[in-house]
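Student: Here numbering that gives the first Met the number 0 is used: the first residue of the sequence shown is 0, the next is one more, and so on.
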Amino acid sequence: MPFFAAQHSLFRAYDIRGSRQYFNDDFVQALGYAFAHLYNVPNQSPIESNFDKSTFAPNLTHRTPSQKAIVVIGCDVRRDSDVIAYRLANTLSECGLQVIQLGLITTPMMVFWAEQYQGHGIIVTASHSARDVLGVKWLVNHQSPSIEDIQALYQQVIHQQLIERSLDNSMLEKSGLPKDGLQENGFKTTDFQKVIVKKDTQKGYKALSTPQHVVDNPISNQQMSLSPEQVAAHYIDAIVQVFKALYPHDNQSFLTKLDLMVVIDCMHGATSHIAPQLFDRFCHCVIMLNDTPNGDFPTGNPDPTEPHRLKQLQQSVINHQADIGIAFDGDGDRLMIVDNTGKVVTPDHLLYLLAKVILTERPVACTQLQSPPQILFDIKCSHHLPKLLTELGAEPIISKTGSSLMRQQMQDSAGQIVFAGELSGHFIFNDSRFIVYDDAIYAALRLLHWLAADNSNSLNPTTNLANIIYQLPNIVSTADHYLPLPVSASTDCSIIEQLTRLCVYLQQLIKVTAPLSIQAEYQVLSTCQRTLCSCSIKSLPISIEQAKDLLPIGTTLSCIDGVRLDFAHGFGVIRQSNTSHNLTARFAGDSMAHLQDIQAKFAALCLPFDENLAAQIVAISPQ
0 MPFFAAQHSL
10 FRAYDIRGSR
20 QYFNDDFVQA
30 LGYAFAHLYN
40 VPNQSPIESN
50 FDKSTFAPNL
60 THRTPSQKAI
70 VVIGCDVRRD
80 SDVIAYRLAN
90 TLSECGLQVI
100 QLGLITTPMM
110 VFWAEQYQGH
120 GIIVTASHSA
130 RDVLGVKWLV
140 NHQSPSIEDI
150 QALYQQVIHQ
160 QLIERSLDNS
170 MLEKSGLPKD
180 GLQENGFKTT
190 DFQKVIVKKD
200 TQKGYKALST
210 PQHVVDNPIS
220 NQQMSLSPEQ
230 VAAHYIDAIV
240 QVFKALYPHD
250 NQSFLTKLDL
260 MVVIDCMHGA
270 TSHIAPQLFD
280 RFCHCVIMLN
290 DTPNGDFPTG
300 NPDPTEPHRL
310 KQLQQSVINH
320 QADIGIAFDG
330 DGDRLMIVDN
340 TGKVVTPDHL
350 LYLLAKVILT
360 ERPVACTQLQ
370 SPPQILFDIK
380 CSHHLPKLLT
390 ELGAEPIISK
400 TGSSLMRQQM
410 QDSAGQIVFA
420 GELSGHFIFN
430 DSRFIVYDDA
440 IYAALRLLHW
450 LAADNSNSLN
460 PTTNLANIIY
470 QLPNIVSTAD
480 HYLPLPVSAS
490 TDCSIIEQLT
500 RLCVYLQQLI
510 KVTAPLSIQA
520 EYQVLSTCQR
530 TLCSCSIKSL
540 PISIEQAKDL
550 LPIGTTLSCI
560 DGVRLDFAHG
570 FGVIRQSNTS
580 HNLTARFAGD
590 SMAHLQDIQA
600 KFAALCLPFD
610 ENLAAQIVAI
620 SPQ
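Dropping the structure here:
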């Protein structure tokens with residue numbers, strides 16, 4: 000069995016995350032050596048930061064080719080997160096890297112500080128997960144890791160353990176003891192790079208898998224710790240500079256505070272450490288909830304998207320007659336909003352509002368683009384979004400689910416994509432003012448300033464968030480629902496590809512029998528790669544009438560990430576989860592009747608392949 004086989008499940012689509020029991024000392028140390036190897040690889044294509052750092056951090060510079068890599072490290076509030084961060088920092092410094100310890104921070108703050116140096120950063124966090132879950136997120140050269148990068152890191156962890164096992168056996172050979180495992184998996188000591196040996200008084204000798212140049216040119220005193228005050232001050236000052244630039248009429252030694260009453264729920268997460276002083280800097284009246292860091296999360300999982308998780312915030316907004324309620328997840332990259340009536344603003348509506356914010360506050364830069372600015376949204380978002388975004392003068396772009404995928408797409412767009420958001424509460428600004436990352440605190444402040452400015456310029460002084468939301472199309476929808484992934488034979492396609500093939504077949508069946516005037520209405524935005532399988536779609540006994548009932552004229556299929564069908568009055572999407580062995584599903588309609596009709600259509604599409612899945616789809620209740 001491979002080393003750390005149990006830990007393989009920790010290496011997910013976006014990060015490393017899983018049960019606390021898997022983060023034992025040996026695994027953390029091997030992970031540290033794997034990161035050391037990763038950061039010691041020279042940058043192949045350096046990416047400069049997207050905002051000007053000279054105004055708030057003039058003494059922080061990028062490295063020259065002769066300098067060692069600099070890595071910033073922080074942690075969230077979870078029990079043992081700080082211990083793991085400390086051990087990773089020690090391992091990296093032992094391997095010759097320069098480490099800057101940031102202490103308790105949010106994930107966006109780690110990204111901010113990584114941008115001040117070379118774009119290398121690690122934070123020990125499990126984001127919005129339950130308290131007994133630990134995790135790690137990281138950047139390499141300003142980039143979040145891909146799925147392939149994460150799996151490669153796992154292989155490096157195994158590689159490191161093999162080195163240590165080989166060294167241990169060579170020492171056993173000298174002692175005359177049995178050398179079990181020396182040839183395990185066919186590897187030999189000579190297969191690996193140079194190993195240096197360091198004496199540890201408690202554990203004996205340890206092998207450090209370290210590049211040659213690090214061994215030959217050791218650097219002493221490799222670690223530096225920044226004070227909490229310094230970590231917070233530079234981050235706050237950078238955000239202040241953004242709003243001074245956005246609202247130059249208010250450009251004084253200090254900004255005029257917004258005339259808003261704001262209630263903020265930190266859910267005992269990492270934002271507890273920074274949100275009170277930051278929002279007090281910008282708002283006249285701030286009421287804090289659950290703003291003491293507590294890794295036990297006594298009020299529940301630090302996930303504002305969970306059903307009923309915002310009840311305390313909603314009630315507090317009502318009791319204080321506040322203008323808005325704001326909630327952050329455990330590591331500060333997810334945002335949820337409650338309006339002034341205590342109603343939760345759907346992420347679809349929030350995405351639209353934030354897109355409007357950036358288009359309103361970036362008019363000059365947007366007009367300089369060769370084509371309309373693009374707004375990115377994930378495949379689970381409302382069917383009304385494309386029309387609404389088009390009315391704002393933007394080009395709507397549907398995307399795969401995953402904030403890291405969106406960030407990469409934005410970085411590759413040469414500034415064409417100015418904003419991105421997804422249903423899970425991740426929102427990313429790309430207007431060269433701040434970091435290109437899903438910083439929930441920053442997004443909330445952008446919304447607050449826009450609301451305050453809009454209200455002050457309005458002829459109706461009673462304009463408020465609830466009134467703004469009321470003017471947007473309302474939908475009835477289910478939550479983002481998890482369903483067990485059906486088990487299929489090895490010769491079969493996945494359920495997602497089977498559904499895709501069926502939908503394409505039905506559209507083609509209808510198209511060839513339809514008048515020329517309506518054939519053009521059928522679209523396939525993106526088709527899946529064809530593979531040989533035993534699911535004989537064309538053998539299904541489906542009539543033209545049945546096909547038209549399942550996919551009425553004008554239905555649009557998108558299969559860039561699962562299967563999404565947009566009907567005249569709603570949509571449905573089924574896709575495989577990036578982080579678990581499940582399907583995720585969401586259905587929405589302009590009314591309850593439309594929602595139920597769409598669920599019924601999806602159930603009928605799934606029925607030939609999995610009866611249980613069809614029944615589960617029908618049983619999903621609306622929010």
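Glycine residues also receive a C-beta, built at the ideal position from the N, C-alpha and C atoms. In this text, all values refer to a predicted model and were calculated from it rather than measured experimentally.
Taking all protein chains shown into account, decide if D25 is buried (16 or more other Cβ within 10 angstroms of its Cβ) or exposed.
Tutor: exposed
Student: Under the three-state reduction of DSSP, which class applies to S557: helix, strand or coil?
Tutor: strand
Student: Who are the near neighbours of T90 in its chain, counting only those whose CB is closer than 7 angstroms to its CB and skipping five residues on each side?
Tutor: Within the same chain, T90 has close Cβ partners Q28, G31, Y32 and A35.
Student: Nearest CA to the CA of A572: which residue from T578, P540, I494 and I552?
Tutor: The residue you asked about is not Ala; residue 572 is Val in the sequence shown. It is I494 whose Cα lies nearest to the Cα of V572.
Student: So H480 is in the alpha helix (DSSP H); what residue range does that whole segment cover?
Tutor: Run containing H480: none in the alpha helix (DSSP H); it sits in the beta strand (DSSP E), H480 to P483.
Student: For W137, write down the residues that DSSP places opposite it in a beta bridge.
Tutor: I121
Student: Specify the secondary structure class of M223 as computed by DSSP and reduced to three states.
Tutor: strand
Student: Any idea what DSSP makes of T340, helix, strand or coil?
Tutor: coil
Student: Out of curiosity, what's the CA-to-CA distance linking D14 and K136?
Tutor: 5 angstroms
Student: Which residue or residues does DSSP assign as beta-bridge partners of N98?
Tutor: With the sequence shown as reference, residue 98 is identified as Val, and Asn is not the correct amino acid for it. Paired residue(s): V70 and Q222.
Student: Quick check: the Cα distance between L524 and Q97, rounded to an integer number of angstroms?
Tutor: Note that L524 scores 45 on pLDDT, short of 50, meaning its location in the model is unreliable and no value can be drawn from it.
Student: Does the region 388-404 come into contact with the region 118-130, if we say contact requires no fewer than three beta-carbon pairs (one atom in each stretch) closer than 8 angstroms?
Tutor: no
Student: Applying the criterion that 16 or more other CB atoms from any shown protein chain within 10 Å of the CB defines a buried residue, is Y441 buried or exposed?
Tutor: buried
Student: So the candidates are D330, I559 and R432; which of them puts its Cα closest to the Cα of R77?
Tutor: D330
Student: Shortest alpha-carbon distance to H480 belongs to which of I541, S620 and L505?
Tutor: S620
Student: For the beta strand (DSSP E) containing V110, name the first residue and the last one.
Tutor: Unbroken run through V110 is the alpha helix (DSSP H), T106 to Q115; no beta strand (DSSP E).
Student: Considering Cα atoms alone, identify which of R563, Y351 and M108 is closest to L471.
Tutor: Y351
Student: Measuring CB atoms only, is the region 543-554 touching the region 435-451, in the sense that at least three cross pairs come out at less than 8 angstroms?
Tutor: Contact fails: fewer than three Cβ-Cβ distances are below 8 angstroms.
Student: How close, in whole Å, do the beta carbons of S423 and A587 come, if the pair is a contact with beta carbons under 8 angstroms?
Tutor: Between A587 and S423 the Cβ distance is about 15 angstroms, and since that is not below 8 angstroms, they are no contact.
Student: With a CB to CB cut of under 7 angstroms and the five nearest residues on each side skipped, what residues in its chain are close to I146?
Tutor: Setting aside the 5 residues that flank it on each side, I146 is surrounded in the same chain by A12, each with a C-beta closer than 7 angstroms to its C-beta; the list follows chain order.
Student: What is the DSSP secondary structure of R585, counted as helix, strand or coil?
Tutor: strand
Student: So, using beta-carbon positions, are N581 and L498 closer together than 8 angstroms?
Tutor: no
Student: Out of F22, P247 and F601, which one is the CA nearest neighbour of V132?
Tutor: F22
Student: According to DSSP, is F395 helix, strand or coil?
Tutor: Correcting the residue type first, residue 395 is Pro in the shown sequence and not Phe. Strand.
Student: Which of the three DSSP states is assigned to G31 in this structure?
Tutor: helix
Student: Using a 10 Å radius around the Cβ and a threshold of 16 neighbouring Cβ atoms, would you call T291 buried or exposed?
Tutor: exposed
Student: Are the Cβ atoms of N293 and H267 separated by less than 8 angstroms?
Tutor: yes
Student: Locate the beta strand (DSSP E) running through M266, then write down its first and last residues.
Tutor: Segment: none, M266 is in no beta strand (DSSP E) and carries neither H nor E.
Student: Going by Cα to Cα distance, which pick from F566, F608, I541 and L404 is closest to S590?
Tutor: F566
Student: Quick one, which of I122, P107 and E93 has its alpha-carbon nearest A100's?
Tutor: In the sequence as presented, Ala is not what sits at residue 100; that position holds Gln. Among I122, P107 and E93, the Cα nearest to that of Q100 is on I122.
Student: Comparing C-alpha positions only, which one of N463, P372 and V344 sits nearest to I631?
Tutor: Residue 631 falls outside the range modelled here, since the chain spans only 0 to 622, and no answer is possible.
Student: Inspect the beta-carbon positions of V82 and G120 and report whether they are closer than 8 angstroms.
Tutor: no
Student: For F296, I'd like the list of residues in its chain whose CB is within less than 6 angstroms of its CB, leaving aside the five on either flank, ordered along the chain.
Tutor: R130 and H267
Student: With a CB to CB cut of under 8 angstroms and the five nearest residues on each side skipped, what residues in its chain are close to S65?
Tutor: Legend: pLDDT at S65 = 48, less than 50; position of this residue unreliable, value from coordinates given subsequently. Excluding sequence neighbours, S65 sits near nothing in its chain.
Student: I'd like the span of the alpha helix (DSSP H) that includes F281, first residue to last.
Tutor: A274 to F281
Student: What do you reckon, are the CB atoms on Q159 and A231 nearer than 8 angstroms?
Tutor: No, the pair does not count as a contact, with Cβ atoms beyond the cut-off.
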